[in-house]
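Written out below as structure tokens is the structure these notes cover.
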Amino acid sequence: MRQTSGTKKTTLALLERELDAARRQLREALEQQTATSEVLRVISNSAGELEPVFQALMSNAVRLCEAKFGVLYQNEGGRFRMAAAHDVPPPFALARSRRGLFHPAPGSPVDQVMKTRRTVQIADVAATRAYAERHPTVVEAVELGGVRTSLSVPMLKENEVIGVIIIYRQEVRPFSDRQVALLTNSAHQAVIAIENERLPNELRQRTTDLSEALEQQTATSGVLRVISSSSGELAPVFESLLASAKHLCGAEFGIIFLREGDGFRTVALHGATAEYTEARWRAPFVRPAADTGLGRVLETKQVVQIADVQAVAGYVDNPVQAPIVQLTGVRSKLSVPMLKEGDLMGVIEIDRQEVRPFTDKQIELVTNFAAQAVIAIENARLLNELRQRTSDLSEALEQQTATSQVLAVISSSQAQLKPVFETVVDRTTRICGATFACLGLFEGDALRFAAISGVSAGSEFFHPERLHQPDGCPYVVPLARAKKTVQTPDLRAERGYL
Numbered sequence: 027m028r029q030t031s032g033t034k035k036t037t038l039a040l041l042e043r044e045l046d047a048a049r050r051q052l053r054e055a056l057e058q059q060t061a062t063s064e065v066l067r068v069i070s071n072s073a074g075e076l077e078p079v080f081q082a083l084m085s086n087a088v089r090l091c092e093a094k095f096g097v098l099y100q101n102e103g104g105r106f107r108m109a110a111a112h113d114v115p116p117p118f119a120l121a122r123s124r125r126g127l128f129h130p131a132p133g134s135p136v137d138q139v140m141k142t143r144r145t146v147q148i149a150d151v152a153a154t155r156a157y158a159e160r161h162p163t164v165v166e167a168v169e170l171g172g173v174r175t176s177l178s179v180p181m182l183k184e185n186e187v188i189g190v191i192i193i194y195r196q197e198v199r200p201f202s203d204r205q206v207a208l209l210t211n212s213a214h215q216a217v218i219a220i221e222n223e224r225l226p227n228e229l230r231q232r233t234t235d236l237s238e239a240l241e242q243q244t245a246t247s248g249v250l251r252v253i254s255s256s257s258g259e260l261a262p263v264f265e266s267l268l269a270s271a272k273h274l275c276g277a278e279f280g281i282i283f284l285r286e287g288d289g290f291r292t293v294a295l296h297g298a299t300a301e302y303t304e305a306r307w308r309a310p311f312v313r314p315a316a317d318t319g320l321g322r323v324l325e326t327k328q329v330v331q332i333a334d335v336q337a338v339a340g341y342v343d344n345p346v347q348a349p350i351v352q353l354t355g356v357r358s359k360l361s362v363p364m365l366k367e368g369d370l371m372g373v374i375e376i377d378r379q380e381v382r383p384f385t386d387k388q389i390e391l392v393t394n395f396a397a398q399a400v401i402a403i404e405n406a407r408l409l410n411e412l413r414q415r416t417s418d419l420s421e422a423l424e425q426q427t428a429t430s431q432v433l434a435v436i437s438s439s440q441a442q443l444k445p446v447f448e449t450v451v452d453r454t455t456r457i458c459g460a461t462f463a464c465l466g467l468f469e470g471d472a473l474r475f476a477a478i479s480g481v482s483a484g485s486e487f488f489h490p491e492r493l494h495q496p497d498g499c500p501y502v503v504p505l506a507r508a509k510k511t512v513q514t515p516d517l518r519a520e521r522g523y524l
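Quick note on this note's numbering: the sequence shown kicks off at 27 and runs consecutively.
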């Protein structure tokens, strides 16, 4: 009976211990599940913010793993930054925050994780080589944080270490396999949180980039449409360019200058105040100081950005430019050259009334507008040349036709001069765009009109029988004097006219 009773007691004790262990495992599993659910809930509600997620992760990890405190480090190009912490001793936290980004000490927990991409547990950090060699980050952990045992788990994304979670004990007591697994799970959740934050941000950035690209493309298309429909007129093109550049770059106003020798002439303004516009058009030509945006573009033919014109002598000390600049209140200025085959044709300037430099994207955009301005100028030049060439050809054809007509009259006049003379003056009036014309023949020093065009036969000017003496006729005086082609700009100014 005694043996049977003892056996029963032993069996009951074993069952009790097994039950306690099962209850403990169940409780730990429930705690872990609750912690996981809490972190996932924070991730879903964080709207892409990592700090609350990291804080929840570290709080649960430290508590469930029976650690004293913990730190989450993010990898930034091989250097690490403390992104979250829980219950870190103030001296250690202060030292680490002051250090900012740091390179892990050789042999330190972070260094080992980086090299192995595996979990690293150090039973006693104070017994490591890194501490013996007095590496600052390890010394801070031991002497300011009281660290002895540490457990470091990598945060892996496609086998790349994007961060490390470390929990610490201030006594030499290694973490259990269960605790290692729990911290590993926390590292996985941290990676999920980072990806959850990255993907929406990338999507928002992509959406923003596409919107900007569409807006810029629309602006470019608008300018090209204006160029194609401007019939060689530059004013509407320049206005469209400046309006688009001002809007897309967040500027207050813009100016286009065309180069003239060692200076520039204002050809377009947009968004400027009435006072500034009046002052600029009153003095449209600018001979820039060397340190101004225009001066530097003139010298280098490169984009020039000035963060604050109030710090540039050429804007504040120049007696001509200073008053004009003061009217605008301009602070940040962007000057972009308009180049054709390396030659500087002009400059587009956009201005802000605050110290806020333009971004690389905005500089690229204005550079594209400068190229379009050059296209517009070339388009206008070619159209004007074509018009001039067409006009010259039309005039040449008209002259050739008139000559042929005169020759035809001569050949058919049978020695009669009157129809020939009349044809000559008629065609001359038409080709030269004159009001009337006359053909006179000298008889001695006097002149007799043989044909007149554009004046009726009854006019006082048409007297074929009359001889016009040099002293009495302003038409005869120049010819009689010079005996060559003479153009009189204003007959009213000639003495013989009145």
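For each residue, glycine too, the CB sits at the ideal point set by N, CA and C.
In the DSSP secondary-structure assignment, P363 is bridged to V373. With 16 or more other Cβ atoms inside 10 Å of its own Cβ, C464 counts as buried. For K141, the uninterrupted alpha helix (DSSP H) segment begins and ends at 135-142.
If you look at C464, you'll find it isn't in any alpha helix (DSSP H); it sits in the beta strand (DSSP E) that goes 463-469. Classified as exposed, L443 has fewer than 16 neighbouring CB atoms from the shown chains inside 10 Å of its CB. Put simply, of A396, M371, L360, D317 the residue whose alpha carbon is nearest the alpha carbon of E380 is L360. For V338, same chain residues with a beta-carbon under 7 Å away, outside a window of 5 residues either side, are D317, T318, I332 in chain order. By DSSP's assignment, N101 forms a beta bridge with F106. L365 sits away from V342, with the two beta carbons spaced by 8 Å or more. Across the set Q328, H129, P310, the C-alpha of H129 shows the shortest separation from the C-alpha of E102. T175 has R195 as its beta-bridge partners, per DSSP. Less than 8 Å divides the Cβ of A216 from the Cβ of F80. For the segment 259-336, the full-length alpha helix (DSSP H) segments reaching 4 residues or more read 261-274, 300-308, 319-326 along the chain. Between the beta-carbon of I220 and that of I192 there is about 17 Å, and that puts the pair past the 8 Å contact cut. Under DSSP, H112 shares a beta bridge with G96. DSSP, read as helix, strand or coil, puts Q352 in helix. By a beta-carbon distance limit of 8 Å, A156 contacts S134. Their separation comes to about 5 Å.
Put simply, the segment 295-312 does not touch the segment 390-405. Fewer than three CB pairs are less than 8 Å apart. Around the beta carbon of P310, fewer than 16 other beta carbons lie within 10 angstroms, which makes this residue exposed.
Contact between R174 and V151 holds: CB atoms are separated by about 6 Å, below the 8 Å threshold. Segment contact: the segment 86-98 against the segment 111-126, three or more CB-CB distances shorter than 8 Å; contact assigned. Beta-bridge partners assigned by DSSP to M181: G189. DSSP, read as helix, strand or coil, puts L473 in strand. Annotation for L209: A87, C91, L177, V179, I191, I193 place their beta carbon closer than 7 Å to its own, counting only its chain and skipping 5 residues before and after. The residues R285, V323, L324, K327, P363, M364, in chain order, have a CB closer than 8 Å to that of L370 in the same chain once the five nearest residues on each side in sequence are set aside. Following the DSSP letters along the chain, one finds V164 inside the alpha helix (DSSP H) bounded by residues 162-165. Per DSSP, Q513 lies in no beta strand (DSSP E) segment and is marked neither H nor E.
Under the 10 Å beta carbon count, T385 is surrounded by fewer than 16 other beta carbons and is classified as exposed. In summary, Q414 is exposed, with fewer than 16 beta-carbon neighbours lying within 10 Å of its beta-carbon over all protein chains present. Burial is judged here by how many other beta carbons sit within 10 angstroms of a residue's own beta carbon; T142 has fewer than 16 and is exposed. Counting the other Cβ atoms within 10 Å of the Cβ of L268 gives 16 or more, which makes it buried. Annotation for V79: the continuous alpha helix (DSSP H) segment containing it runs 77-90.
E166 is not a Cβ neighbour of R195, given a cutoff of 8 Å. Boundaries of the beta strand (DSSP E) harbouring V146: 146-148, taken from the DSSP string.
One thing to note: A149 has its Cβ within 8 Å of the Cβ of P200. A distance below 7 Å between beta-carbons, with the five flanking residues on each side excluded, links M108 to the following residues of its chain, in chain order: V97, Y99, R122, S123.
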